[in-house]
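Notes follow once the structure below has been shown.
Protein chains in written order, with the UniProt record's numbering: chain A, 1 to 179; chain B, 1 to 241.
What follows is the structure, encoded as structure tokens:
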């Protein structure tokens with residue numbers, strides 16, 4: 001689906017997720033800030049998604065996986081409840097710059113029917129506001145600034161696309177007048 | 001990545017397509033018949049009305065060789081009626097012009113732009129596909145041929161605002177597999193809303209991708225358990241993902 005060189009996909013995979021080690025790993029303590037020690041069994045660290053996913057899915061010889069993944073704090077139940085209450089007031093960018101991409105990746109790993117619904121409804125509700133802001137000929141100023149600052153990367157692209165198309169129609173109309 | 005243009009048509013391209021629409025003119029000078037690639041143009045004889053493509057009409061108008069007769073829907077009363085319809089029914093667009101009755105079985109049916117939806121004898125109660133572009137271009141080039149160009153311009157602006165707001169609100173009913181009714185939406189409106197609507201659908205599909213994947217897996221399992229005839233086909237499909 002996404003290309004190997006897709007910068008957004010790379011940045012999504014670089015976001016941290018909480019992982020709990022199931023085994024004691026010698027010499028891996030530097031991940032915790034413990035420079036020369038071992039990674040103790042049961043210790044929790046934040047690892048990039050790509051690393052955590054690989055460690056969680058790889059099966060070692062004794063069949064238990066190396067780490068267990070937890071959903072990241074950006075998709076915690078607290079956040080989902082806030083999104084259910086009012087999608088427009090949540091600052092997604094502060095939670096995760098690639099919020100929806102992260103959500104999609106997490107949903108590949110966990111089965112959470114409810115999260116799909118919450119994320120879809122959030123995206124739809126916010127898209128309507130984004131469209132209104134993008135078609136505002138005076139630019140996104142005034143009360144919209146706070147909302148615009150909280151857009152995640154997907155939503156920014158959406159804003160740019162709809163803003164550009166509105167702008168090109170306006171440019172065509174002014175061109176007509178100058179002919 | 002070859003072209004830095006977004007998918008779909010740019011506004012100048014849509015306007016170019018619109019220039020194929022036939023409009024009615026009253027010529028002021030004689031003009032011989034022209035043989036053009038797009039078909040022959042009949043000779044223009046001054047007092048008689050003639051239907052010519054919009055580009056030709058605009059050219060003649062600019063050279064003061066003809067007057068343009070605005071289509072009947074492009075006048076204050078029909079536009080007010082359509083605007084009322086738009087504001088009264090919040091979730092549908094005003095219907096497009098009715099198609100002519102289907103011709104007999106051995107001829108092909110006509111479709112726009114070969115239907116005269118903008119000539120002087122077009123229907124007055126519906127907006128054709130190129131309403132916005134055609135209206136803007138005529139108001140710009142031939143404002144003196146309108147009876148009341150200011151109110152027409154104002155009504156066009158109002159219609160555009162109402163309908164764009166509807167298009168934007170329409171995404172709230174979308175889901176990854178759904179759609180919403182766009183009958184009657186014009187060319188320029190489509191060009192303007194395309195980037196936004198496809199962006200929303202793509203985003204929703206990305207979020208719901210895991211659900212689709214699960215569904216596909218379940219379907220495949222059921223099919224493999226039920227009958228194995230389609231298993232090969234399904235495997236091919238999976239590899240392409």
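C-beta: ideal position from N, C-alpha, C; glycine also.
7 Å is my cut-off, CB to CB: does residue 116 of chain A come that close to chain B? yes
Burial state of residue 95 of chain B (16 or more Cβ within 10 Å): exposed
Which word fits residue 119 of chain B, buried or exposed, when buried means at least 16 other C-beta atoms lie within 10 angstroms of its C-beta? buried
How about residue 66 of chain B: is its C-beta nearer than 7 Å to some C-beta of chain A? no
With DSSP run on the structure shown, which of helix, strand or coil describes residue 74 of chain B? coil
Along chain B, which residues have their Cβ under 8 Å away from the Cβ of residue 98 of chain A? Those within 8 Å of residue 98 of chain A in chain B number zero; the least Cβ separation is about 11 Å.
According to DSSP, simplified to helix, strand and coil, what is residue 171 of chain B? helix
Pairwise C-alpha distance: residue 97 of chain B and residue 165 of chain A: 27 Å
Residue environment, residue 162 of chain A, which counts as buried when at least 16 other CB atoms sit within 10 Å: buried
Residues bridged to residue 111 of chain A by DSSP? For residue 111 of chain A, which the question treats as bridged, DSSP gives no partner whatsoever.
In this structure, how does DSSP classify residue 168 of chain A when only helix, strand and coil are distinguished? helix
Using beta carbons (cut-off 7 Å, strictly below), is residue 196 of chain B in contact with chain A? yes
Chain B within 7 Å of residue 124 of chain A, Cβ atoms only: yes
Less than 7 Å between the beta carbons of residue 106 of chain A and residue 211 of chain B, yes or no? no
Which residues in chain A sit within 8 Å of residue 169 of chain B, going by Cβ to Cβ distance? 128
Residue 84 of chain A lies in the alpha helix (DSSP H); which residues open and close that run? 77-85
Counting contacts by CB-CB distance shorter than 7 Å, is residue 118 of chain B in contact with chain A? no
By Cβ distance below 6 Å, which residues in the same chain neighbour residue 234 of chain B in space, the five residues on each side in sequence not counted? With a pLDDT of 47 at residue 234 of chain B, under the threshold of 50, the modelled position of that residue is not reliable, and the figure given next carries that caveat. Excluding positions up to five away in sequence, the list reads 220.
With DSSP as the reference, please indicate the residues paired to residue 44 of chain B in a beta bridge. B:31
Can you find a CB in chain B that lies within less than 7 Å of the CB of residue 104 of chain A? yes
Given residue 155 of chain B, which residues of its chain have a CB within under 7 Å of its CB, disregarding the five upstream and five downstream residues? 76, 79, 80, 83
Of the residues A:66, A:155, A:69, A:20, the one placed nearest residue 124 of chain A, counting alpha carbons only: A:155
Check whether the Cβ atoms of residue 69 of chain A and residue 17 of chain A sit closer than 7 Å, and answer yes or no. yes
Bridge-paired residues (DSSP) for residue 19 of chain A: A:45, A:69
Measuring straight from C-alpha to C-alpha, what distance separates residue 133 of chain B and residue 114 of chain A? 44 Å
Please go through the same chain and pick out, in chain order, the residues whose beta-carbon is closer than 6 Å to the beta-carbon of residue 43 of chain B, but skip the five residues on each side of it. 32, 33
Any beta-carbon of chain A closer than 7 Å to the one on residue 236 of chain B? Here the model assigns residue 236 of chain B a pLDDT of 46, short of 50, so the residue's position is not dependable, and the following value carries that caveat. No, residue 236 of chain B lies away from the interface with chain A (no Cβ there is under 7 Å from its Cβ).
Across the region 121-137 of chain B and the region 182-195 of chain B, are there enough close Cβ pairs to call them in contact, namely three or more that are closer than 8 Å? yes
With 16 other CB atoms within 10 Å as the buried threshold, where does residue 241 of chain B fall? Note on residue 241 of chain B: pLDDT 43, under 50, position unreliable in the model; the coordinate value appears next. Label assigned to residue 241 of chain B: exposed.
Check the C-beta distance from residue 74 of chain B over to residue 51 of chain B and give it rounded, since I have them as a contact under 8 Å. Residue 74 of chain B to residue 51 of chain B, Cβ: 16 Å. No contact.
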